[in-house]
Amino acid sequence: MSEEDQLTPIPERAVANAHIRGMHNYLSTWEKSVDETDAFWGAEARAALDWIVPFRTVLRGSLSGGDVAWFPDGYLNVSVNCLDRHPASRTAIIWEGDEPNDVKHITYGEALAATCRLANALRTLGVRKGDRVCLYMPMVPEAAYCMLACARIGAIHSVVFAGFSAEALRARVEDSRCKVVLTADEGLRAKKVIKLKAVVDKALEAEECKCVTAVLVYKRTGGAIDWKEGRDQWMSEAMEKERPFCAPEVMNAEDPLFLLYTSGSTGKPKGMMHSSAGYLLWTAFTHRYTFDYHVGEVYACVADIGWITGHSYIVYGPLCNGATTVMFESLPTYPDAGRYWDLVSRHQIASFYTAPTAIRALMKYGDAPVKKHDRSSLRVLGSVGEPINPEAWKWYYEVVGEGRCCVVDTFWQTETGGHMITNIPGCQPMKPGSASLPMFGVRPMLVDPQAGVLLEGNHKEGVLCIGQPWPGIARTIWGDHARYLDTYLKPYPGYYFTGDGCRRDGDGYLWITGRVDDVLNVSGHRLGTAEIESALVTHEACVEAAVVGIPHDVKGQGIFAYCILKDATEETADLIPSLKAAVRAAIGGLATPDHIICTPGLPKTRSGKIMRRVLRKIACLEADQLGDTSTLADPSIIPLLIEKVEKAL
Ligand code: PRX
């Protein structure tokens, strides 16, 4: 099919009332947004946010300096922008619990009161502006209140996804020296109980976590938990003691709002630090345009608040826009594979945002579970987290959306705060599998990774960089600005380096081709190969490990691990399960390798560098395409690995 043939026209009914219409208007707005930065973003920030002290400067600093600051002389409070200024009687959050009939409608007034009580409770515990507070929470409205309560008093939250292990939680609490941990007794997903408090208890046993002086526990299930007197308190009791009014802290635009840890190419996760005003503007702005959001509509993002998608597109963006945002606690297949569409029909959802991995998993159940539910309220269907393969795109568009909805394929990252490349409903025709064109304010650049030169014009492929600052860019890595510069700003001076490969087609549409570094994307979860390797070598039998990604038809990528065992170790039946358990203990279930093979050696260059390209090819059963192996120190390992992999798969 030619590139032009792939263009899928904008379904007119979906965008009759669109904020911006037509390619021409898109292009002129985009040009203004990147050329007249001060005028464009100054006007947006004045219109979209309530300021305590208005800013005079729009942008200071540069990508080359690593000192980008937006609205640096302005002051505001993020929680005020997300709660106080909206009509108290409007529904802010529709929460749907694990069971479909467990639903709560929470107004802006109620969310504000709960947030204020929590904010006061945190102040009573001694939390002050700039202190770090860790959240290890299930998908309950209290998780959003906890985030906003931190924002209200200027504390910096660090949400840790509730699927991470005690060890992973410990490392994150330690890195940011959190003062308080907010958690729940247990989480619930598809009736399965997740023992959150027990994980927190285990993490906090470590000497390095003595910085934590208090734990507030939300009672979700009432299950039995251990209790540490003097440290633990029920969240509800702490809140009841406090007034539902809390004076917001006056925050500089550049004061940190939160840290969110994400994986990179070393074993140590990076605490990406986001700002207050720039981040909030970016999430609200992109939420409004990408989903063509209009006040009064119900909007649902079914991600978890433990990831950036949940931060930006369940909590901050929608609430800043006064939207009604859905929080979903359960799984897409519980009680059956029609759960999402049941959710859509019962809450009359207008835009729905999920990940390709969920779409691919649901496709396997066929069309019937979708068609059983009325989806006529839908206008926009969003995709995030990984490239969406055209088959999944078409199913989403044709079966779920009945050809009436816009599919928006949103490319972005933890580091970018919000959408960077996406089509916008009403603006551009769609192409299945292409994230399309840049968001306003984003100047994408393709760079030749070897020569470091810009690749201009169409029909080009290179690494994806961003040519100028946008308001949502993470400002630093907590405690390690040098690593921030080295990872993002130094590889291609003057630009922000995404770590992704990208192709520009004949129509100028952008196609993300995947990570060019040692980062995996497993079911939309970002994992570093080095992290998994370090986890494997915590096992007493494993002396060295190499991890590569392999294609997986539902998860996008699967994890394949090669392990070298200690000389005397025997490959007993329980060795592989215990190696997997070591990864679960160090990181969490999401990082469990799909395949592990034990080997006496790894293909290395004479200087001792593991040849991952070779390992990847062997794991993908493409050993006939190994390429140049002449630099291998010991080529005899190759046939042995091929034989082992063929047996294992
Ligand atoms: O490789 C890209 C992929 O996910 C990475 C960012 O992961 P994370 O920081 O966890 O954020 C996920 C939610 C935004 C990117 O470097 N990625 C994300 N969205 C897309 C994507 N790849 C292709 N298409 C997308 N729409």
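Residue numbers (the working numbering): -6 to 642. Beta carbons are placed, not taken as given, at the ideal position from N, Cα and C, and that holds for glycine.
- Taking a contact to require three or more Cβ pairs closer than 8 angstroms, the region 411 to 418 and the region 429 to 439 qualify as touching.
- By the Cβ test, the region 399 to 411 is in contact with the region 272 to 279, since at least three Cβ pairs between them sit closer than 8 angstroms.
- Setting aside the 5 residues that flank it on each side, Gly517 is surrounded in the same chain by Ala348, Thr350, Gly378, Glu379, each with a C-beta closer than 6 angstroms to its C-beta; the list follows chain order.
- If you check the CB distance, Val638 and Ile590 come in under 8 angstroms.
- Residue pairing for Asn245: DSSP places it in a beta bridge opposite Tyr68.
- The beta-bridge partner set that DSSP reports for Phe157 consists of Gly581.
- Counted as a single uninterrupted DSSP element, the beta strand (DSSP E) harbouring Ala85 occupies residues 84 to 89.
- Under the three-state reduction of DSSP, Cys420 is assigned to coil, being neither helix nor strand.
- Apart from the 5 residues on each side of it in sequence, Ala207 sits with its Cβ closer than 7 angstroms to the Cβ of Leu118, Val173, Arg224, Gln226 in its chain, given in chain order.
- At the C-beta level, Tyr129 and Val193 come within 8 angstroms of one another.
- If you draw a straight line from the Cα of Leu189 to the Cα of Arg78, it is about 34 angstroms long.
- In the three-state reduction of the DSSP assignment, Phe433 falls in the coil class.
- Residue pairing for Pro544: DSSP places it in a beta bridge opposite Gln550.
- His588 and Thr259 have their alpha carbons spaced roughly 22 angstroms apart.
- Along the length of the region 270 to 308, whole alpha helix (DSSP H) runs at least 4 residues long occupy 270 to 283, reported in chain order.
- The three-state reading of DSSP puts His518 in strand, counting E and B together.
- Under the 10 Å beta carbon count, Asp285 is surrounded by 16 or more other beta carbons and is classified as buried.
- Going by DSSP, Glu533 is part of no alpha helix (DSSP H) at all; its letter is neither H nor E.
- Asn514 has its Cβ nearer than 7 angstroms to a heavy atom of the ligand PRX.
- Closest in alpha carbon position to Glu230, among Gln443, Trp388, Ala538, Ala114, is Ala114.
- In the three-state DSSP reduction, Thr480 falls in the helix class (H, G or I).
- In this structure, Ala85 lies near Thr100, with their beta-carbon atoms less than 8 angstroms apart.
- In this structure the region 307 to 325 lies against the region 89 to 106, because at least three pairs of beta carbons, one per stretch, are closer than 8 angstroms.
- Around the beta carbon of Phe238, fewer than 16 other beta carbons sit within 10 angstroms, so the residue counts as exposed.
- Pro418 counts as buried, since at least 16 other C-beta atoms from the protein chains shown sit within 10 angstroms of its C-beta.
- The continuous alpha helix (DSSP H) containing Tyr138 extends over residues 134 to 146.
- For Ser527, DSSP assigns no beta-bridge partner whatsoever.
- The distance from the Cβ of Ala578 to that of Glu160 is about 6 angstroms, consistent with a contact at the 8 angstroms cut-off.
- By the beta-carbon neighbour count (other beta carbons within 10 angstroms, threshold 16), Asn245 is buried.
- The three-state reading of DSSP puts Thr403 in strand, counting E and B together.
- Check the Cα spacing between Tyr390 and each of Phe404, Lys357, Gly426: the tightest is with Gly426.
- Per the coordinates, the alpha-carbon of Pro241 lies some 11 angstroms from the alpha-carbon of Lys122.
- Counting other Cβ atoms within 10 Å of its Cβ, Pro2 stays below 16 and is therefore classed as exposed.
- Within 7 angstroms of the C-beta of Ala554 there is not a single heavy atom belonging to the ligand PRX.
- At a Cβ-Cβ threshold of 8 angstroms, Val319 and Val291 count as neighbours.
- Using a Cβ distance threshold of 8 angstroms, Pro262 and Arg165 count as a contacting pair.
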